[in-house]
Each structure stands twice: as structure tokens, then as C-alpha cells.
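Position in the sequence shown counted from 1, then plus 49, gives you the numbering used here.
From the three backbone atoms N, C-alpha and C, an ideal C-beta is built for every residue, glycine too.
Take a look at the structure set out below.
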Amino acid sequence: MKLDLSPVLATYQRLSSRERLLVGLAGGAALIIALYTLVWEPLNEGRAQLARRIQVKRQELTEMQKMREDYLALLNQFELRQKIIERADPKFALFPHIEATVGQVVGREKIASMNPTNKDIGDAYREESVEIKLTGILLQQLTDLMYRIEKSPQPLRFTRMQVKKRVRDPQSFDVTATVSMLKALAPAPAAAPGGA
């Protein structure tokens with residue numbers, strides 16, 4: 050089908066010069082509006098969307114870099130702790146060691162109680178702990194005890210400590226502390242093939 054513009058042109062030719070000017074201005078305005086609506090506005094909107102997407106991607110990249118740094122720090126801590134755990138003697142008994150150390154530093158008469166506990170962490174590790182309650186010890190004794198336990202050849206650490214000053218004797222303290230160590234669990238023996 051062929052588009053025939055001759056009736057439109059004939060009508061335009063019959064218009065006065067003033068009417069032709071108005072039609073031209075209206076056509077120009079329509080063309081400007083069409084260009085703005087169909088070309089300029091979509092370009093600006095596309096540019097704005099692109100800028101927003103770039104900003105989102107930059108934020109995601111920053112978050113990923115931070116997550117990478119956190120992961121590397123955690124991996125470093127894990128490897129360091131793994132080395133500490135590997136350093137532990139599997140035959141080392143925590144409770145007798147703590148009992149002997151506390152007895153040497155503060156004396157057995159200051160021990161209110163000592164309670165050992167074990168907790169498996171997954172299938173690979175066991176946390177052995179001893180909760181110690183001491184009464185009426187001096188600050189120097191506490192620091193000496195902390196030093197001896199933390200500097201032990203075994204990887205021991207204080208996981209909790211509460212120190213209370215005694216009301217009647219401000220030079221002495223009641224201490225509740227937990228000393229812990231991680232040990233690697235021995236792998237389960239493999240079943241013999243074709244067992245009876």
C-alpha cells in the first residue's frame with residue numbers, strides 16, 4: 050500500500066501564510082517533543098540507570114574486598130590455631146597440670162574447687178577445660194598463676210575470668226577462672242575390608 054501525501058499537501062497549500070506558520074511551529078514543537086520523549090529522555094534515563102548500576106557494582110566490589118580480607122584473616126587465625134593444636138601433646142592431662150600449678154603458686158588451701166569438663170567441637174577437636182575457684186589470693190599470686198599457665202609448653206589459655214575484691218581484706222581477691230585447651234581427636238580407625 051502506497052502512502053499518498055497529495056491531499057495533505059493540497060490542504061497545506063490552501064492555507065494562508067499565517068496558518069502555514071502556525072502549522073510549521075506546531076509541527077516543529079511536535080518534532081521537539083517527540084525527539085525529547087523518544088530520544089533524549091531514554092538516553093538520560095539509560096545513563097542514570099547505568100550510573101546507579103555502576104554505584105551498586107562498586108559497593109558490591111568493596112564488600113567483596115572486605116569479605117576477602119576477613120576470609121584471609123580468619124584463614125590465618127585458623128592456620129595459627131591449627132599449628133597450636135598440633136603442638137599439643139596428646140598424652141597431656143590438663144586437670145593434674147592445673148592442680149599442680151595452682152598448688153605451687155597459691156597453695157592448696159586457697160583452692161575452693163576445681164571442675165574439669167570436656168566438650169567435643171565437631172568431629173575433629175575436643176576442648177578440655179578446668180574451672181578454678183580460688184579464695185583470698187593476692188594480686189601478685191594471680192598474675193604469677195596467669196603467667197605460668199599461659200606460658201606453659203602446652204597451648205593453654207584462659208577462656209573466662211572473674212575477679213572480686215574481698216570486702217574485709219582489700220589486698221586479696223576471690224577468683225573464678227576457666228583454663229582451656231584444644232586437642233585434635235584421633236581419627237576413627239578404618240574398618241577392615243571384608244570383616245566377618
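Item checked: Cut-off 6 Å between Cβ atoms - residues of its own chain near Asp169, not counting five sequence neighbours on either side -> Taken in chain order, the residues that qualify are Arg175.
Next item on the list: Just tell me which of Gln114, Ser229, Leu234 and Pro56 has its CA closest to the CA of Glu177.
Entry: The residue with the shortest Cα to Cα distance from Glu177 is Ser229.
Next item on the list: Report buried or exposed for Ile147, applying the criterion of at least 16 other Cβ atoms within 10 angstroms of its Cβ.
Entry: The residue in question, Ile147, is buried, as its Cβ has 16 or more Cβ neighbours within 10 Å.
Item checked: Alpha-carbon to alpha-carbon, Ile81 and Pro8 -> This structure cannot settle anything about residue 8, because the visible part of the chain is limited to 50 through 245.
Notebook entry, point to check: By the 10 Å Cβ neighbour count, where 16 or more other Cβ atoms means buried, how is Gln190 classified, buried or exposed?
Noted result: Buried: at least 16 other Cβ atoms inside 10 Å.
Check: Roughly how many angstroms lie between the CA atoms of Val72 and Tyr61, to the nearest whole one?
Finding: Approximately 9 Å, taken between the alpha carbons.
Check: Which residues in the same chain as Met116 place their Cβ atom closer than 7 Å to its Cβ, once the five residues preceding and following it in sequence are excluded?
Finding: There are no such residues.
Checklist line | Distance, Ile103 Cα to Met195 Cα | finding: Their backbone Cα atoms lie some 54 Å apart in a straight line.
Next item on the list: Identify which residue in Asn93, Gln131, Met210 and Gly185 has its Cα closest to the Cα of Ser234.
Entry: It is worth fixing the name first, because residue 234 is Leu in this sequence and not Ser. For Leu234, the nearest C-alpha among the options comes from Gln131.
Checklist line | Contact belief for Ile186 with Phe222 at Cβ below 8 Å, rounded distance in angstroms | finding: The distance from the Cβ of Ile186 to that of Phe222 is about 6 Å, consistent with a contact at the 8 Å cut-off.
Margin query: Rounded to the nearest angstrom, what separates Leu70 and Val88 at their Cα positions?
Written below: Computed Cα separation, rounded: 26 Å.
Next item on the list: Measure the alpha-carbon distance for Ser201 versus Gly152 and round it to whole angstroms.
Entry: Between Ser201 and Gly152, the C-alpha separation is close to 15 Å.
Notebook entry, point to check: At which residue ranges does the region 145–216 contain complete alpha helix (DSSP H) runs of 4 or more residues, listed in the order of the chain?
Noted result: Here the runs fully enclosed are 188–199.
Next item on the list: Under the assumption that Leu183 contacts Lys159 (Cβ atoms under 8 Å), give the Cβ distance between them as a whole number of angstroms.
Entry: 5 Å between Cβ atoms; contact.
Check: Do Leu188 and Ile198 have their CB atoms nearer than 7 Å?
Finding: No; because the gap between Cβ atoms is not below 7 Å, this pair is not in contact.
Notebook entry, point to check: Using a Cβ-Cβ cut-off of 7 Å (strictly less than) and excluding sequence neighbours within five positions of Gly77, which residues of its own chain qualify?
Noted result: Hits under 7 Å: none found.
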